[in-house]
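Enquirer: One structure coming up, written as structure tokens, with questions to follow.
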Amino acid sequence: CVSLREEIIKMIDHFFDVKTSSLMGDSGSIEDILGQLDSGEDAADEDSEGVSEEDGAIVQLVNKMIVDAYNRGASDIHIEPRMGKADAVVRFRIDGACQVYQTIPYTYKSAMSSRIKIMSDLDIAERRLPQDGKIKFKKYAPLDIELRVATIPTTGRNEDVVMRLLAAGEPIPLDKMGMNERDYKEFIDIISRPYGIVLVVGPTGSGKTTTLHSALHFINKPETKIWTAEDPVEITQDGLRQVQMLPKIGLTFASAMRAFLRADPD
Numbered sequence: 002c003v004s005l006r007e008e009i010i011k012m013i014d015h016f017f018d019v020k021t022s023s024l025m026g027d028s029g030s031i032e033d034i035l036g037q038l039d040s041g042e043d044a045a046d047e048d049s050e051g052v053s054e055e056d057g058a059i060v061q062l063v064n065k066m067i068v069d070a071y072n073r074g075a076s077d078i079h080i081e082p083r084m085g086k087a088d089a090v091v092r093f094r095i096d097g098a099c100q101v102y103q104t105i106p107y108t109y110k111s112a113m114s115s116r117i118k119i120m121s122d123l124d125i126a127e128r129r130l131p132q133d134g135k136i137k138f139k140k141y142a143p144l145d146i147e148l149r150v151a152t153i154p155t156t157g158r159n160e161d162v163v164m165r166l167l168a169a170g171e172p173i174p175l176d177k178m179g180m181n182e183r184d185y186k187e188f189i190d191i192i193s194r195p196y197g198i199v200l201v202v203g204p205t206g207s208g209k210t211t212t213l214h215s216a217l218h219f220i221n222k223p224e225t226k227i228w229t230a231e232d233p234v235e236i237t238q239d240g241l242r243q244v245q246m247l248p249k250i251g252l253t254f255a256s257a258m259r260a261f262l263r264a265d266p267d
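Numbering-wise, the sequence shown is residues 2 to 267 according to my numbering.
Written out as structure tokens, the structure is:
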């Protein structure tokens, strides 16, 4: 990839500025929060079945973990309890590779997963079956993102939690996506055509869905009919007719495309 020096500096300033330096206020570092837990404040029983909103250190721990993942550009958060009394491991997937973020004392693994279940409206008592949910994080901290949550039972009566960081609920305006002027004009010309194909490719967390929805937002006008086939639907927009794919019942991208052609699309 070749670019002018001033364009590289502009992109660095645009994308790598401190995003949310004051998001957590005076909540302190992750080590400070873990220190509260180790000192006995908000102590949790290893076998407890839930954690309330008032368990301050656990609430701070989960919020801090999510904000740190966002600030570091992570696409996923993996919470992995270990057998026996070994500490749980929290890993972030950044640039396609998992990296260790923090270890958590084993006595708080149940409290932490229960807190996440509360945030995502899951059954905190069910630990034998996988569950799926979603967190609207702006309800808990001043950061407008959503997280897709999956819990999976593992050996040793443990339960893994994986959280996928999704784009904000609202599409980003296309002119705020950081394209240079030439690319911006060419991209608008291409997406404004009623035919053809635009491919947006990249690794997990690179911004494919965000880019596509910014493009759709640009062409989403009252006089147009736009159908989308998505798996999953991460961002919703008024005016779009968005369809969630369900391969188990035969609703695939191919079958959706055939149906859309009979539904008067623009």
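Glycine included, every Cβ here is placed at the ideal spot set by N, Cα and C.
#1: Please tell me whether residue 121 and residue 135 are closer than 7 angstroms, where the distance is taken between their beta carbons.
#2: In whole angstroms, give me the CA-to-CA distance for residue 173 and residue 255.
#3: When you compare the CB positions of residue 104 and residue 88, do they come within less than 7 angstroms of one another, or not?
#4: Ordered along the chain, which non-local residues of its own chain (more than five positions away) have a Cβ less than 7 angstroms from that of residue 73?
#5: Roughly how many angstroms lie between the CA atoms of residue 201 and residue 213, to the nearest whole one?
#6: Based on the DSSP output, what are the partners of residue 134 in its beta bridges?
#7: Between the Cα of residue 100 and those of 106, 265 and 69, spot the shortest distance and give me the residue it belongs to.
#8: Could you tell me if residue 71 is buried or exposed, where buried requires 16 or more neighbouring beta carbons within 10 angstroms of its beta carbon?
#9: Go ahead and pull the three-state DSSP assignment for residue 264.
#10: Would you report the Cα separation of residue 261 and residue 226, rounded to the nearest angstrom?
#11: Just the C-alpha distance for residue 12 and residue 246, rounded to the nearest angstrom, thanks.
#12: Using 10 angstroms around the beta-carbon of residue 65, count the other beta-carbons present and answer buried if the total reaches 16, otherwise exposed.
#13: For residue 215, which residues in the same chain have their Cβ closer than 6 angstroms to its Cβ, ignoring the five residues on either side in sequence?
#14: Which residue's Cα is closest to the Cα of residue 106: 146, 149, 86 and 79?
#15: Going by DSSP in three states, residue 59 sits in which element: helix, strand or coil?
#16: Where does residue 270 fall in DSSP's three states?
#17: Give the straight-line distance between the Cα atoms of residue 265 and residue 78, rounded to the nearest whole angstrom.
#18: Less than 6 angstroms separating the Cβ of residue 267 from some heavy atom of the ligand MG?
#19: Below 7 angstroms between beta carbons: does that hold for residue 162 and residue 117?
#20: Pull up the distance between the alpha-carbon of residue 167 and that of residue 263, whole angstroms please.
#21: In the DSSP assignment, find the unbroken beta strand (DSSP E) run with residue 241 in it and report its ends.
#22: At the level of alpha carbons, what is the spacing between residue 159 and residue 36?
#23: What does residue 230 pair with, by DSSP beta-bridge criteria?
#24: Could you tell me the alpha carbon to alpha carbon distance between residue 151 and residue 5, rounded to whole angstroms?
#25: Would you give the residue range spanned by the beta strand (DSSP E) that residue 73 belongs to?
#26: Measuring alpha carbon to alpha carbon, tell me which of 217, 75, 81 and 228 ends up nearest residue 98.
#27: Residue 104 by DSSP, collapsed to three states: which one?
#28: Within a Cβ cutoff of 8 angstroms, which residues of the same chain sit near residue 189, ignoring the five residues on either side of it in sequence?
Expert: Taking the coordinates as given:
#1: Working through the sequence shown from its first residue, we reach residue 121 at position 120. Working through the sequence shown from its first residue, we reach residue 135 at position 134. Result yes, Cβ atoms of residue 121 and residue 135 sit closer than 7 angstroms.
#2: Here residue 173 refers to the residue found at position 172 when the sequence shown is read from its first residue. Here residue 255 refers to the residue found at position 254 when the sequence shown is read from its first residue. Taking the straight line joining both Cα atoms gives about 28 angstroms.
#3: Here residue 104 is taken as the residue at index 103 of the sequence shown, counted from 1. Here residue 88 is taken as the residue at index 87 of the sequence shown, counted from 1. Contact: yes.
#4: For the purposes of this step, residue 73 is taken as residue 72 along the sequence shown, with counting starting at 1. Excluding sequence neighbours, residue 73 sits near 93 and 95.
#5: If you number the sequence shown from 1, residue 201 lands on position 200. If you number the sequence shown from 1, residue 213 lands on position 212. Those two C-alpha atoms are separated by around 7 angstroms.
#6: Stepping through the sequence shown from its first residue, residue 134 is reached at position 133. Looking at the DSSP assignment, residue 134 forms a beta bridge with 150.
#7: Here residue 100 refers to the residue found at position 99 when the sequence shown is read from its first residue. Here the closest residue by C-alpha is 69.
#8: In the sequence shown, residue 71 corresponds to position 70, counting from 1. Classification of residue 71: buried, given that the 10 Å Cβ count is 16 or more.
#9: Here residue 264 is taken as the residue at index 263 of the sequence shown, counted from 1. Three-state DSSP puts residue 264 in coil, outside helix and strand.
#10: In the sequence shown, counting from the first residue as 1, residue 261 sits at position 260. In the sequence shown, counting from the first residue as 1, residue 226 sits at position 225. When rounded, the separation of the alpha-carbon atoms in residue 261 and residue 226 is 10 angstroms.
#11: As a working mapping, residue 12 is identified with position 11 in the sequence shown. As a working mapping, residue 246 is identified with position 245 in the sequence shown. C-alpha separation (whole angstroms): 35 angstroms.
#12: For this step, residue 65 is matched to residue 64 along the sequence shown. Under this definition residue 65 is a buried residue.
#13: Mapped onto the sequence shown, residue 215 falls at position 214. The residues are 172, 173, 175 and 178.
#14: Position 105 of the sequence shown, counted from the first residue, corresponds to residue 106. For the residues 146, 149, 86 and 79, the minimum Cα distance to residue 106 belongs to 86.
#15: Residue 59 sits at position 58 when you count from the first residue of the sequence shown. Of the three classes helix, strand and coil, the one that applies to residue 59 here is helix, per DSSP.
#16: Since the displayed the chain opens at 2 and closes at 267, residue 270 lies outside it and no answer follows.
#17: Here residue 265 refers to the residue found at position 264 of the sequence shown. Here residue 78 refers to the residue found at position 77 of the sequence shown. Near 41 angstroms, if we compare the C-alpha coordinates of residue 78 and residue 265.
#18: For the structure depicted, the ligand MG is absent and the ligand set is empty, with no information on it obtainable.
#19: As a working note, residue 162 is residue 161 in the sequence shown. As a working note, residue 117 is residue 116 in the sequence shown. A contact, by the Cβ cut-off of 7 angstroms.
#20: Here residue 167 corresponds to residue number 166 of the sequence shown, with the count starting at 1. Here residue 263 corresponds to residue number 262 of the sequence shown, with the count starting at 1. The alpha-carbon of residue 167 is positioned some 31 angstroms away from that of residue 263.
#21: The residue labelled residue 241 in the question sits at position 240 within the sequence shown. From DSSP, the beta strand (DSSP E) with residue 241 extends over 241-245.
#22: What you label residue 159 is simply residue 158 of the sequence shown in a count that begins at 1. What you label residue 36 is simply residue 35 of the sequence shown in a count that begins at 1. Residue 159 and residue 36: Cα-Cα distance of roughly 24 angstroms.
#23: The residue given as residue 230 occupies position 229 in the sequence shown. Answer by DSSP bridge pairing, in chain order: 244.
#24: Working through the sequence shown from its first residue, we reach residue 151 at position 150. Working through the sequence shown from its first residue, we reach residue 5 at position 4. Distance between the alpha carbons of residue 151 and residue 5: 43 angstroms.
#25: Your numbering for residue 73 matches position 72 in the sequence shown. Premise fails: residue 73 is in no beta strand (DSSP E) and is neither H nor E.
#26: Against the sequence shown, residue 98 aligns to sequence position 97. For the residues 217, 75, 81 and 228, the minimum Cα distance to residue 98 belongs to 75.
#27: One-based indexing of the sequence shown puts residue 104 at position 103. If DSSP states are grouped into helix, strand and coil, residue 104 belongs with the strands.
#28: In the sequence shown, counting from the first residue as 1, residue 189 sits at position 188. Counting only Cβ-Cβ distances below 8 angstroms, and skipping sequence neighbours, we find 175 and 219.
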